[in-house]
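Residue numbers (my numbering), protein chains in the order written: chain H, 351 to 469; chain Y, 57 to 170. Just so you know, even glycine gets a beta-carbon here, dropped at the ideal spot from N, CA and C. Just below is one structure, and these are the notes that go with it.
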């Protein structure tokens, strides 16, 4: 079974600054995907960024980037130029895949980190 | 294109009552799943389906039933609601054989069992 751990229950950052959210996971699988989801007060789950385990290059999406350390089983999220709209709960999630890259359609989530961006 | 639609958005039940949470998707996704979100615990998988007629249990299946008679719909049934089932419920769907492997979530149903 897989486990995902987010050790920071809450984080805060000033607007325009950079913040990093931590995530570690435990698995014996060699093929998998990692995700960061954002959940604002509206409760909607919004995909922020996705990483394929077989790719060594870290994923980036505009102001969001990850530091994926496969050997250390670490997957942190960096938010640059933080904006007030980034205030939300952030979840790290793991999904198994087979050797061909097909997923099993099931996510394992961490406990979440509440991020507050202050003006 | 509505995506993943969950109904109702809010529901209050009394202990022992039954109800069905509805989930529908219009993206022709093979995979559909139900999660519950409790404070401090993230989202946990209840049941999932890899296609019409095929369902399986997730991490916390007790007290819930599912069926999948069509590709589009995946209802979650609570046969006898208990206070421990007070939670926010999310339905999600995704393709099986696409490279993106991204799950799309509904807006959630907040359920209170008194």
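- Around the beta-carbon of residue 161 of chain Y, 16 or more other beta-carbon atoms lie within 10 Å, marking it buried.
- With contacts defined as CB atoms closer than 8 Å, residue 168 of chain Y and residue 142 of chain Y qualify as a contacting pair.
- A direct Cα-to-Cα measurement between residue 101 of chain Y and residue 421 of chain H gives close to 27 Å.
- Residues are counted here when their Cβ sits less than 9 Å from a Cβ of chain Y; for the stretch 390 to 416 of chain H these are 392, 393, 394, 395, 396, 397, 400 and 402, given in chain order.
- For residue 146 of chain Y, the C-beta contacts it makes with chain H under 9 Å involve 393 and 395, in order along the chain.
- Using a CB distance cut-off of 8 Å, residue 361 of chain H does not count as an interface residue toward chain Y.
- Rounded to the nearest whole angstrom, the CA to CA distance from residue 78 of chain Y to residue 107 of chain Y is 17 Å.
- The C-beta distance from residue 370 of chain H to residue 460 of chain H rounds to 15 Å, too long to fall under 8 Å, and the pair is not in contact.
- Rounded to whole angstroms, the Cβ separation of residue 127 of chain Y and residue 157 of chain Y is 18 Å, and the two are not in contact under 8 Å.
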